């Protein structure tokens with residue numbers, strides 16, 4: 001009788017264990033930023049983007065240096081007691097500083113639009129999602145998450161990161 005109860009208890013524990021084991025869900029993570037960088041890095045669109053970014057940065061640096069020179073001249077006028085000239089330069093500094101802020105904001109918005117346009121290619125996304133689904137199914141994952149698009153992910157094991165496999169499939 002005790003053996004029967006013990007056997008029944010073990011069977012119940014085994015069934016409960018199997019039920020809980022079947023509820024374990026496998027998740028995968030794809031670093032979409034890394035996929036974009038690898039996929040677009042050698043593309044003409046990315047080279048154009050980087051060229052524009054460098055050009056904009058060079059112009060911002062030039063305008064910033066020009067502003068700094070004006071500030072230095074204004075300080076020299078102030079020390080020399082040439083207050084009228086210093087005030088005139090201050091007006092020019094204020095105007096050029098505002099122009100620099102406007103230019104920077106405008107060019108950053110343009111770069112953001114270019115990058116967004118590059119990354120939102122319908123053909124690319126269709127292929128990316130198809131490959132993510134294929135790799136996930138082959139690996140036995142039921143959900144794939146992107147840490148860039150969901151800030152609630154605080155930790156994940158590297159063993160669930162299928163980014164390299166997705167990049168490999170995209171290159172085929």
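Residue numbers (our numbering): 1 to 172.
Glycine is no exception: its CB is placed at the ideal position from the N, C-alpha and C atoms.
Values in this document were obtained by computation on a predicted structure and should not be read as measured data.
Here residue 70 is near residue 89, since their CB atoms are less than 7 Å apart. By the criterion of a C-beta distance shorter than 7 Å, residue 42 is surrounded by no residue of its chain, once the five residues flanking it on both sides are discounted. Residue range 44-79 is occupied by the alpha helix (DSSP H) that includes residue 78. A straight line joining the alpha-carbon of residue 133 with that of residue 97 spans about 50 Å. By the 16-neighbour rule on beta-carbons within 10 angstroms, residue 79 is exposed.
Judged by beta-carbon spacing, residue 146 lies beyond the 7 Å limit of residue 35, meaning their Cβ atoms are not closer than that value. Comparing alpha-carbon positions, the option among 135, 141, 144 lying closest to residue 170 turns out to be 135. When DSSP states are grouped into helix, strand and coil, residue 38 belongs to the helix group. Membership of residue 166 in the alpha helix (DSSP H) is indicated by the continuous run 163-171.
The Cβ-Cβ distance between residue 104 and residue 60 falls below 7 Å. Looking at the DSSP output, residue 143 bridges to 27.
By the C-beta density criterion, residue 163 is buried, having at least 16 other C-beta atoms within 10 angstroms. Residue 167 holds the alpha-carbon nearest to the alpha-carbon of residue 130 among 47, 101, 167.
Here residue 76 has no same chain residue with a Cβ atom under 6 Å from its own Cβ, once five neighbours each way along the sequence are excluded. In its chain, beyond the 5 residues on either side, 27 have a beta carbon closer than 6 Å to the beta carbon of residue 143. With a cutoff of 7 Å on beta-carbon distance, residue 49 and residue 128 are scored as not near each other.
By alpha-carbon distance to residue 92, the top candidate from 116, 51, 72 is 72.
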